[in-house]
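Numbering (the numbering used here), first residue to last: 15 to 124.
Beta carbons are placed, not taken as given, at the ideal position from N, Cα and C, and that holds for glycine.
Quick caveat: nothing in here was measured; it's all calculated off a predicted structure.
Structure record follows, encoded as structure tokens.
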């Protein structure tokens with residue numbers, strides 16, 4: 015891996031269970047804009063350049079929305095960690111079956 019990729023990996027320091035806000039670049043025609051996406055990281059998978067992570071949030075009318083992001087995507091402007099979660103599992107797929115506030119509850123790290 016090049017130095018630029020290693021430096022980007024250091025800035026993307028989050029784990030499964032963390033609540034994050036991703037500033038993602040959206041290209042529409044000849045215009046670009048930054049769209050924030052806020053949610054809980056429920057999984058990380060892959061190796062090397064093809065690493066991905068899945069973020070889930072509860073949208074309008076209590077519908078769960080999941081989005082998969084490539085970790086080293088050039089479209090990710092910034093990732094902010096809002097809360098650190100303390101979980102014992104590598105994949106939090108059990109949050110899919112939860113409804114309402116229970117779907118966003120993860121024990122907080124101290």
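Beta-carbon to beta-carbon, residue 72 and residue 30 are separated by about 18 Å, too far to satisfy the 8 Å threshold. Contact check between the region 85-98 and the region 46-65: three or more CB pairs, one atom from each, fall below 8 Å, which counts as touching.
Of the candidates 69, 21, 64, 69 places its Cα closest to the Cα of residue 38. Three or more Cβ pairs drawn from the region 58-69 and the region 79-90 lie within less than 8 Å of each other, which places the two stretches in contact. One alpha carbon belongs to residue 108, the other to residue 120, and they sit about 11 Å apart. Looking from the CA of residue 102, the closest CA among 32, 25, 17 belongs to 32. According to DSSP, residue pairing for residue 95 in a beta bridge involves 34.
Taking 8 Å as the upper bound for CB-CB distance, residue 34 and residue 122 are not in contact here, some 14 Å apart. Cβ-Cβ separation between residue 76 and residue 36: approximately 22 Å, too far for a contact (criterion under 8 Å).
Here DSSP, grouped into helix, strand and coil, assigns residue 46 to strand. For the 9 Å CB-CB criterion, residue 106 and residue 54 form a contact.
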